[in-house]
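Note that the sequence shown covers residues 1040 to 1874 in our numbering.
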Amino acid sequence: MGTRARRTTLMRRLAVLTLLAASVFASTQAAQQSLEMISKLRGFSRSTFAQQQAGRFNSNDNDAKALVSYRRLATSTTEADASTKANAVGASVRKAIKQLRGGTDKFYQDLITAVRIKLCENDIAKNKVRFVDCSADNAYKDDNGDPVRLPISTLTDDETVQAYKTKKCEVKPNCYWAPIVDGDTARAKVYADPDSTMDSSAADAKFKEWATGVLGFVIPGIVLGVLSLLTMVFFLICRCCCNRCGGRYPREEGYTCMQKFLPLLFFLLFAIGVIVVSAAAFLYRGTMLTAVDDLFNATSGTLQNGSDWIVTIRDPLQDIGNTVTGSADKISKQLAGTDFIDNGLNDITGQLDTLGQDYSTSPVFPDDCVEPNCFACSACSEIGTQSTKASKQMKDNAGPGIDQLSTVKSDLNTELVDISDTVQSAVDTQVATANDLIATVGKTQGDVDDYDTKFQSYRDQLGYAIMGLFALALVVVAIGLIGILLGLTPLKVLVNLMNIAYFLGFIALFLTFIISSIVLAIGVVLGDACEVTMIFSANWTVPLGDSAKAVDACFQNESLLDVFNLSSKLNFARGGIEFPDLDMTSMFDFSDLDTLSDNANSINANSFDIDVGAVLLLVNSYAKQTTTNCNLDDTYKIENIKQPWVDNGDAPSSDAVTYITTRYAGDNGNCAGTDADHGQSFTCSKADPCTFSAFMGEEFAKLVAMVDATAAVDAYVTTLKSRVAAIKTSTNTFEDDTKGFNDNINGIKADLNGNLIKYVKDFEDAMYCTFIADGFWTIYNALCGDLMPSITMIALMLFLCGVFLIPVNVCLIIGVKRLKAHGNGHIMDTEMKFK
């Protein structure tokens, strides 16, 4: 009897040691399997995600500052690797959920369309208004300010015709009315036309489809949670009150070792499942908390960068505002009195062209002369040619430069001087806006930092709260395991701890399934928000309207100048004014004008073959000669050629030629020149018969013509020289003025480059905001790459924890009764009954 008792005691101790070893081994294997499983997971690195998004925007390292360093909790390399790999599983699960719901790009595009339709329907009375006053802010106009209307035709409806007759304008395109395009005969509606891709009822259907998809992930957990609660109540009523569900006591015949071992074995297996999902949830908890850290840091960093960026654009704007009017006034004074640059060259070349036309042929003097008493200027014909040549040289050499100077003058006036007040007003407005933004951003950043500080103070508590339900499940496992171990020892009475364990298990089941459904719903909705946001990132005007053009510019690495309509106001510094670089020496190389001036100054009476003295000497040689028959004693002076009777003391005559012809008519025979006795021989130019009086008349007619021609030539030469001298003087003045103006332009250029243009260049360089896109993608990465998958995976781990707790509870319910019984069929003692 003693031997049998000792053997029984020994067997019990061996059984206890065996179960203890098995439990330790199982726990070790569970941890080992958990680590092995985690080590096999493929990682989801933040850098990889960022690289995937890099194609969606062009960042400029020079234009965008780096975000502030993220705060990271100190973690071991192993834990960090495990967390990274766990993120990959989260991303895969999220992708699977998306595919399971049919979350294609078209699905989310349709969802966006449905949202826009429903938002439009919320204020449909206002949005359906089509015709407004043309002075209204929402009147539909083109870039020139002209109303955009449909062409009137036989297809045009009466309402439109009547509205146009009353000078009404179409409303700007909105959520209800579509833009007017070429070929439209009626105003199209965005979603209310019969052929619209989606109408209001279809939008409602899309919302129901989306909500149904979300509920599909929520309902299972809620159903299981409610069933768990009902099962607990039903079980406790049946077990404790009705002695059903297997009864409160072990069966009389007892249980075999296998019957006791099987529930314990399954308990250990499913307990391992609880431990594994709890360990995975712990990793996702760390990822989620880190993602929240990233959100705060990225948001704060982006706001800080935004504040610094606003300062970089405000400072040059202030400089522009402080400088623009002063520079404009100074330039206006320098441009005053420079009208010569616009028409001066044309005036000079016009005079040269006129001179060329006036002197294109050789002049003949005197007027209305008759040969042979006509005198032409052989050298004068070159004046016209030289004038035309000088004009062309001026146009070729100085024309392009003068045009550039005229253009820069006009541009300075239109692009700067005339709009300086407008520029200053616009700049001052933007500076005030920038100051307000700096204050707003600073306050927002302060709020973000305050929230971050509060979060950091509750960070650990939040982590504990996340693991609370898993901890409750682990408590159930731990109490159950303790009860099992005690049930294998002489302290069998403490096996009733397992009753506490499964009671807590029922509570944990209810809470686990309900909360997992809520958290999973949050994860699914957040995932949809991430998908929609990804679509929006390609065109922010879809959710935000035209005001989001600035955001699109930030994402597309484009300047904000055009978005803010500043290009035209700052055009003077952005290539709108082209300052010429001119060579004044080559520009005013007017050598042909110098040649013209020299030739004009060289023209005199000799140029016309007029020699009054020589002809007068000839006439006097015939008027005073002494021969046998021809005795004449007349001498004529040059000053009396047109009144020769003065020299002879005779009475005046009608004209000089008549007087001479009459005076010598009586000498025709004596001075016939037929021989030496009859005077010098002579030859008439035209007279026939050629008498001495006719000869003397012709020669005196030549003298009179020469005298007349000389006076005309003197006037001609004086006029020519005066005109050429005037052109020369005008040219010299124009050259001096132009060189002075060019010096002023160079001074203006240097002055603008040193202040206004420099400030505008600084401002223009700062008008790139890719740091916003960088910050967005960092926030998106933290929210959608880390936080959302972590929330989803924690919800799934919580759900799996509840699933594993179901068999754990069943095993505890069965095991507590079987462990109460004596081994091998002996019923337990009365005092050990659970009462």
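C-beta atoms are modelled at their ideal positions from N, C-alpha and C, and glycine is treated no differently.
- C-alpha of Val1466 to C-alpha of Phe1603: approximately 11 Å in a straight line.
- Unbroken alpha helix (DSSP H) runs of no fewer than 4 residues, entirely contained in the stretch 1656-1701, are found at 1684-1687, following chain order.
- Of the other Cβ atoms in all chains shown, fewer than 16 fall within 10 Å of the Cβ of Ser1240; this residue is therefore exposed.
- Relative to Val1128, the option among Val1855, Thr1364, Ile1833 and Asp1234 whose CA is nearest is Ile1833.
- DSSP places Asp1460 inside the alpha helix (DSSP H), whose first and last residues are Ser1459 to Ile1505.
- For Gln1138, the closest of Asn1771, Leu1444, Gly1566 and Ser1625 by C-alpha to C-alpha distance is Gly1566.
- It is roughly 7 Å from the alpha-carbon of Leu1837 to the alpha-carbon of Phe1509.
- Remark: three or more beta-carbon pairs, one from each stretch, lie closer than 8 Å, so the stretch 1444-1461 and the stretch 1364-1373 are flagged as touching.
- Setting aside the 5 residues that flank it on each side, Gly1360 is surrounded in the same chain by Gln1463, Val1466, Asp1467 and Val1470, each with a C-beta closer than 7 Å to its C-beta; the list follows chain order.
- Ala1568 and Val1154 have their C-alpha atoms spaced approximately 12 Å apart.
- Within a 10 Å sphere around the beta-carbon of Val1763 sit 16 or more other beta-carbons, which makes this residue buried.
- For Phe1170, the pairing in a beta bridge is given by DSSP as Glu1209.
- Per the coordinates, the alpha-carbon of Val1487 lies some 43 Å from the alpha-carbon of Arg1169.
- Taken atom to atom, the span from the alpha-carbon of Gly1440 to that of Met1433 is near 11 Å.
- Here the C-alpha atom of Gln1343 lies approximately 11 Å from the C-alpha atom of Phe1810.
- Under DSSP, the beta-bridge partners assigned to Pro1186 are Lys1180.
- The Cβ-Cβ distance between Thr1700 and Gly1736 falls below 8 Å.
- With 16 or more neighbouring CB atoms inside 10 Å of its own CB, Glu1570 falls in the buried class.
- When the alpha-carbon of Glu1774 is set against those of Thr1551, Asp1628 and Leu1795, the nearest one is in Asp1628.
- Annotation: Phe1618 to Phe1780 spans about 12 Å, alpha carbon to alpha carbon.
- The Cβ atoms of Lys1245 and Ser1235 do not sit closer than 8 Å to each other.
- Per DSSP, reduced to three states, the secondary structure at Trp1249 is helical.
- Residues Asn1783, Gly1786 and Ile1787 of the same chain have their beta carbon placed closer than 8 Å to that of Gln1373, with the five preceding and five following residues left out of the count.
- If the five residues before and after Leu1822 are omitted, its C-beta is found closer than 8 Å to the C-beta atoms of Ala1330, Leu1334, Leu1565 and Cys1569, all from its own chain and listed in chain order.
- Here the stretch 1337-1356 does not lie against the stretch 1391-1411, with fewer than 3 beta-carbon pairs under 8 Å apart.
- Cα atoms of Leu1548 and Asp1475: separation of roughly 54 Å, rounded to the nearest angstrom.
- When rounded, the separation of the alpha-carbon atoms in Gly1854 and Tyr1490 is 50 Å.
- If you compare the alpha carbons of Leu1533, Tyr1541 and Glu1803 with that of Val1849, the shortest gap goes to Tyr1541.
- Contact check between the stretch 1171-1178 and the stretch 1207-1218: three or more CB pairs, one atom from each, fall below 8 Å, which counts as touching.
- Taking Arg1140 as the centre and dropping the five residues before and after it, the same chain places the C-beta of Gly1252 closer than 7 Å to its C-beta, in chain order.
- Nearest Cα to Lys1211 within the set Lys1167, Val1558 and Asn1679: Lys1167.
- With contacts defined by Cβ atoms closer than 8 Å, Ile1830 and Gly1562 form a contacting pair.
- One alpha carbon belongs to Thr1770, the other to Asn1792, and they sit about 32 Å apart.
- When DSSP reads this structure, Phe1256 sits in no beta bridge, so it has no partner.
- Linking Val1696 to Ala1415 through their CA atoms gives a straight-line distance of about 22 Å.
- When Cβ pairs closer than 8 Å are counted between the two stretches, the stretch 1711-1722 is seen to touch the stretch 1658-1671, the count reaching three or more.
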